[in-house]
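Structure record follows, encoded as structure tokens.
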Amino acid sequence: MMAPTTLERLRVLQAISSSGTIAGAARSLGYTPSAVSQHLASLEREAAASLVERSNRGVVLTSAGRLLATRSSDILDLVRNAFDEVGAATNRHETSLVVAAFPTAITTMLLPLREALAPSIKLTIVDAEPEQALRALTARDVDGAITDDYANQRPSRPDNLHRTLLRSEPIRLVTRPDRLERTLAAYADADWVLGGPTSRLGQAARHLCQNAGFTPRVVTETDDHHIAFEVIRAGGAVSLLPELALDEVPDGVVVAHGVDVSVERRIEFVTRPALSSNPAVATLTHLLTGEVVTRDGRRDG
1280 MMAPTTLERL RVLQAISSSG TIAGAARSLG YTPSAVSQHL ASLEREAAAS LVERSNRGVV
1340 LTSAGRLLAT RSSDILDLVR NAFDEVGAAT NRHETSLVVA AFPTAITTML LPLREALAPS
1400 IKLTIVDAEP EQALRALTAR DVDGAITDDY ANQRPSRPDN LHRTLLRSEP IRLVTRPDRL
1460 ERTLAAYADA DWVLGGPTSR LGQAARHLCQ NAGFTPRVVT ETDDHHIAFE VIRAGGAVSL
1520 LPELALDEVP DGVVVAHGVD VSVERRIEFV TRPALSSNPA VATLTHLLTG EVVTRDGRRD
1580 G
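Per our numbering, the sequence shown starts with residue 1280, numbered consecutively.
Right, here's the structure in full:
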């Protein structure tokens, strides 16, 4: 007969997995390290297996620990789903969602949905770049994440998450009206404003320039398109920006639609698999993809 356990012990294992230390798990849960160790010891007795290996640098989950941590995450999400589904069925339930997203996704995609979600769903937004957002998602610090990547990159991303494509958008060359050219190679001698070499857009832009036969002379490194606009206006620089950042292009800056920049950015909503069917998560996903969910659960749009 299987030994009984508790959801709280599964939460403790999740916290240990995320933090890598007993002390870190204790801080995240508001427990003492001794209490975390006691929960872990009880869980190991119930599983009849060693779940962690201890070292001077912290703890590492064993193969049994990783398996149980994965199943624990699913179980915790399924329990949450059950309570949210009961609440939704009785029209007496208020729930909350925490979603991490990069800045332009926050302003153009998430903030406009707050009114549509209220009052039954309280949306909390966390400003985070995709890699940080995905770490927070797997650590259960957030319920979902809006991430992006570029067609000429091969990012290393967790493959055990549920992904919904929100949009694919082109990358555009942006400059001053007096600097318009017909090809990317024609800007080989221009000053550039790009994201840093470790940013996804910065890497994608540099790759495009190198394919066009030159290394861009970067005079300003930033992922903030507002700063890029100001550098362009002030010094006649050139930049490559995704279309989502070009909703409001200021005077003195133009988009060079005729330039041969052939790469797209994919924007996805990512959540944990078991949480993808949660009523609040499903509602947000439908709104992000432009679908309308009727009261009887049918989808339009």
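Glycine is no exception: its CB is placed at the ideal position from the N, C-alpha and C atoms.
Would you call the CB atoms of GLU1304 and VAL1315 closer than 8 Å? Position 25 of the sequence shown holds residue 1304. Position 36 of the sequence shown holds residue 1315. Looking at the sequence shown, residue 1304 is not Glu but Ala. Yes, the Cβ-Cβ distance between ALA1304 and VAL1315 is below 8 Å.
Where does GLU1394 land, buried or exposed, given buried means 16+ other C-beta within 10 angstroms? Taking the sequence shown and counting its residues from 1, one reaches residue 1394 at position 115. Exposed, since its Cβ has fewer than 16 Cβ neighbours within 10 Å.
Less than 8 Å between the C-beta atoms of ALA1328 and LEU1340, yes or no? On the sequence shown, position 49 is the one that residue 1328 refers to. On the sequence shown, position 61 is the one that residue 1340 refers to. Contact: no.
Would you say ALA1384 and VAL1405 are within 8 Å of each other, going by their C-beta atoms? Numbered from 1 along the sequence shown, position 105 holds the residue referred to as residue 1384. Numbered from 1 along the sequence shown, position 126 holds the residue referred to as residue 1405. In this structure, VAL1405 does not lie closer than 8 Å to ALA1384 by Cβ.
What's the C-alpha gap between VAL1421 and VAL1377? If you number the sequence shown from 1, residue 1421 lands on position 142. If you number the sequence shown from 1, residue 1377 lands on position 98. Each residue's alpha carbon lies about 5 Å from the other.
To the nearest angstrom, how far is the alpha carbon of GLY1474 from that of PRO1456? To locate residue 1474, count along the sequence shown from 1; it is residue 195. To locate residue 1456, count along the sequence shown from 1; it is residue 177. Rounded to whole angstroms, GLY1474 to PRO1456 spans 22 Å at the Cα level.
Applying the criterion that 16 or more other CB atoms from any shown protein chain within 10 Å of the CB defines a buried residue, is ASN1439 buried or exposed? The residue given as residue 1439 occupies position 160 in the sequence shown. Exposed.
Within its chain, find whatever has a CB closer than 6 Å to the CB of THR1573; leave out the 5 residues flanking it on each side and keep chain order. Numbered from 1 along the sequence shown, position 294 holds the residue referred to as residue 1573. Because THR1573 sits at a pLDDT of 38, beneath the cut-off of 50, its placement in the model cannot be relied upon, and the point is left open.
Between THR1568 and GLY1423, which are expected to be in contact by the criterion C-beta below 8 Å, what is the C-beta distance as a whole number of angstroms? The residue you call residue 1568 lines up with position 289 of the sequence shown. The residue you call residue 1423 lines up with position 144 of the sequence shown. In fact, because the Cβ distance is near 13 Å, the residues do not count as touching under 8 Å.
Whole angstroms is fine: what's the gap from ARG1485's alpha carbon to ASP1470's? Counting from 1 along the sequence shown, the entry for residue 1485 is found at position 206. Counting from 1 along the sequence shown, the entry for residue 1470 is found at position 191. Distance between the alpha carbons of ARG1485 and ASP1470 is about 13 Å.
Look at the Cβ atom of LEU1520, then the Cβ atom of ALA1507, and state whether they are nearer than 8 Å. Position 241 of the sequence shown, counted from the first residue, corresponds to residue 1520. Position 228 of the sequence shown, counted from the first residue, corresponds to residue 1507. In this structure, ALA1507 lies closer than 8 Å to LEU1520 by Cβ.
So, helix, strand or coil for PRO1521, using DSSP? Numbered from 1 along the sequence shown, position 242 holds the residue referred to as residue 1521. Three-state result, PRO1521: strand.
Bridge partners for ASP1406 per DSSP, in chain order? Within the sequence shown, the letter at position 127 stands for residue 1406. In the DSSP output, where bridge partners are listed per residue, ASP1406 has ALA1380.
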